[in-house]
Amino acid sequence: MRLSTVGAVVAVVMAFGAALASDDQVAWFKSSSIFYSGLREAHTIALTFDDGPAGHTPEVLDALKANNVHATFFVVGSTAKTHHATLARITNEGHLLANHSATHPMLRSSFDAVPERLIDQIRITHDQIAPFMKPGDKFYFRAPYGYWRAAHAKILNSDPVLRNYVGPIYWDIGGQISMRDGYVMSAADWDCWRHKWTAQTCAKGYLREIRRSDGGVVLIHSLYAKSAELSATIVAAMTEEGYRFVRLDEVPEYRQYETPQNAPAIASRDIGSPTMTLVRNEDVK
7 MRLSTVGAVV
17 AVVMAFGAAL
27 ASDDQVAWFK
37 SSSIFYSGLR
47 EAHTIALTFD
57 DGPAGHTPEV
67 LDALKANNVH
77 ATFFVVGSTA
87 KTHHATLARI
97 TNEGHLLANH
107 SATHPMLRSS
117 FDAVPERLID
127 QIRITHDQIA
137 PFMKPGDKFY
147 FRAPYGYWRA
157 AHAKILNSDP
167 VLRNYVGPIY
177 WDIGGQISMR
187 DGYVMSAADW
197 DCWRHKWTAQ
207 TCAKGYLREI
217 RRSDGGVVLI
227 HSLYAKSAEL
237 SATIVAAMTE
247 EGYRFVRLDE
257 VPEYRQYETP
267 QNAPAIASRD
277 IGSPTMTLVR
287 NEDVK
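Numbering (our numbering), first residue to last: 7 to 291.
#1: Is it right to say V81 is buried, meaning 16 or more other beta carbons lie within 10 angstroms of its own, or is it exposed?
#2: Please state whether DSSP places M282 in a helix, a strand or coil.
#3: If you measure between the beta carbons of K240 and A209, is that distance less than 7 Å?
#4: What are the boundary residues of the beta strand (DSSP E) that includes Y171?
#5: According to DSSP, what are the bridge partners of S192?
#6: Can you give me the C-alpha to C-alpha distance between H110 and D57, rounded to a whole angstrom?
#7: Is R250 helix, strand or coil by DSSP?
#8: For a quick check, are the C-beta atoms of R253 and L102 less than 7 Å apart?
#9: Hey, M112 and Y153: beta-carbon distance below 7 Å or not?
#10: Could you say which of K87, V257, I135 and A157 lies nearest to F79 if we only look at CA atoms?
#11: Which value, in whole angstroms, describes the spacing of the CA atoms of R114 and S39?
#12: Closest by CA to F55, which one among A91, W177, A48 and A94?
#13: Let me know the alpha helix (DSSP H) ranges lying completely inside the segment 113 to 184, each 4 residues or longer, listed in chain order.
#14: Please list the terminal residues of the continuous beta strand (DSSP E) segment that includes H227.
#15: In chain order, what residues of the same chain have a beta carbon less than 6 Å from the beta carbon of M191, not counting five sequence neighbours either side?
#16: List the DSSP bridge partners of D255.
#17: Taking the straight line between their C-alpha atoms, what separation do you get for H76 and A104?
#18: Which whole-angstrom value describes the C-beta separation of S237 and P59, a residue pair presumed to lie in contact below a C-beta threshold of 8 Å?
#19: Name the DSSP beta bridge partners of D56, please?
#20: Just to confirm my understanding: we take A194, look at its own chain, exclude 5 residues before and 5 after, and list those with CB closer than 7 Å. What are they?
#21: Suppose the cutoff is 6 Å on Cβ atoms and the five residues either side in sequence are ignored; what does the same chain contact list for L53 look like?
#22: Using the C-alpha atoms, what's the distance from A231 back to T207?
#23: Is V172 closer than 7 Å to E264 when the C-beta atoms are compared?
#24: What does a CB cutoff of less than 6 Å around Q127 pick up in its chain, not counting 5 residues either side in sequence?
#25: If F145 and N170 are in contact, beta carbons under 8 Å, what's the gap, nearest whole angstrom?
#26: Helix, strand or coil: which one does DSSP assign to N74?
#27: Please look up how many angstroms separate the CB atoms of G221 and T85, rounded, as I've assumed it's under 8 Å.
#28: Anyone know if the C-beta pair for F35 and L162 falls short of 7 Å?
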């Protein structure tokens, strides 16, 4: 999840919890991002790291290992192919690999016009991470920039392998910087570094937002020089306050979206005309 300039994107549909569960498809890729994690007010955190693996990802892994915390890493396929050792380390140390597309594009309508392009974005990364995943690990997807269209789900659910993904997974914490009376009330790491903030200052925003919601899915990135220090600061503070850390496959709310065994594939003729279903302004960054 990254972009330097905030785009003027209009939210067409904002779907939460019960609305998602009422989709015609009870499982598979959803027509809108899955916003509701059920972790708010549960004193529970799911750390998710986007855009790796990269040169600084091992430092993030060091920080997590030192605190015995497990997380979920949303991988970009184009970088995964040159960091197989890091992929192996992620799973060997108890973390979950997940899919964040092959080249991190904004998945606009052009991907619906040529469905193979969309399928390749997820399949290329799947082929990179699947060999390193443990037996029984579940597949999760997060759309780059949080941008998603209903037509994407229909296309991907026609694929007998990719339809096993749960997603797109959204986040609760880490989407934007906000200030009040000179205090950092929420933070997004990519924007912290653009403002040349220290990891400690950035962490204050994350920690205050986590405390206000008492848990949630946290968005961080694993490719920046300060990513490890930011992660270590957040983990240390939340551990001291008794928060529980989970991988996405330990989030009960997501189980309803898992593809049922022997579910029929969606025929390509059933793929309808595309309609945009998601985006909040602050999420395109």
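Where is the CB? At the ideal position from N, CA and C, for every residue including glycine.
With the given structure in hand:
#1: Label assigned to V81: buried.
#2: Only weak support exists for where M282 lies, its pLDDT of 29 falling under 50; the value from the coordinates is given anyway. In the structure shown, M282 sits in a strand (DSSP, three-state: E or B).
#3: The sequence shown places Ile at residue 240, not Lys. Inclusion of I240 and A209 in the CB contact set at 7 Å is warranted, their separation being smaller than that value.
#4: Looking at the DSSP string, the run of the beta strand (DSSP E) that includes Y171 is Y171 to I175.
#5: In the DSSP output, where bridge partners are listed per residue, S192 has S184.
#6: Distance between the alpha carbons of H110 and D57: 8 Å.
#7: Of the three classes helix, strand and coil, the one that applies to R250 here is strand, per DSSP.
#8: Closer than 7 Å, so yes.
#9: Yes, they are a contact pair.
#10: Checked all of K87, V257, I135 and A157; the closest Cα to F79 is I135.
#11: Looking at the two C-alpha atoms, the distance is approximately 15 Å.
#12: Ranking A91, W177, A48 and A94 by CA distance to the CA of F55 puts W177 first.
#13: Counting only runs of 4 or more, we get 116 to 119, 121 to 135 and 156 to 162.
#14: That run of the beta strand (DSSP E) goes G221 to H227.
#15: If we look at M191 and ignore the five residues flanking it on each side, its Cβ neighbours are S184 and R214.
#16: DSSP lists no partner for D255.
#17: Roughly 13 Å separates the two Cα atoms.
#18: Between P59 and S237 the Cβ distance is about 14 Å, and since that is not below 8 Å, they are no contact.
#19: Paired residues: F80 and H227.
#20: Within the same chain, A194 has close Cβ partners G180, G181, Q182, I183 and K291.
#21: Correct list, in chain order: A77 and V224.
#22: Cα-Cα distance, rounded: 15 Å.
#23: The answer is yes: Cβ separation under 7 Å.
#24: Closer than 6 Å at the Cβ level, and outside the excluded window around Q127, lie S107 and A108.
#25: Confirmed, about 5 Å.
#26: Coil at N74, not helix or strand.
#27: Contact doesn't hold; Cβ gap of about 30 Å is too wide.
#28: Taking a C-beta distance under 7 Å as the contact criterion, F35 and L162 qualify as a contact pair.
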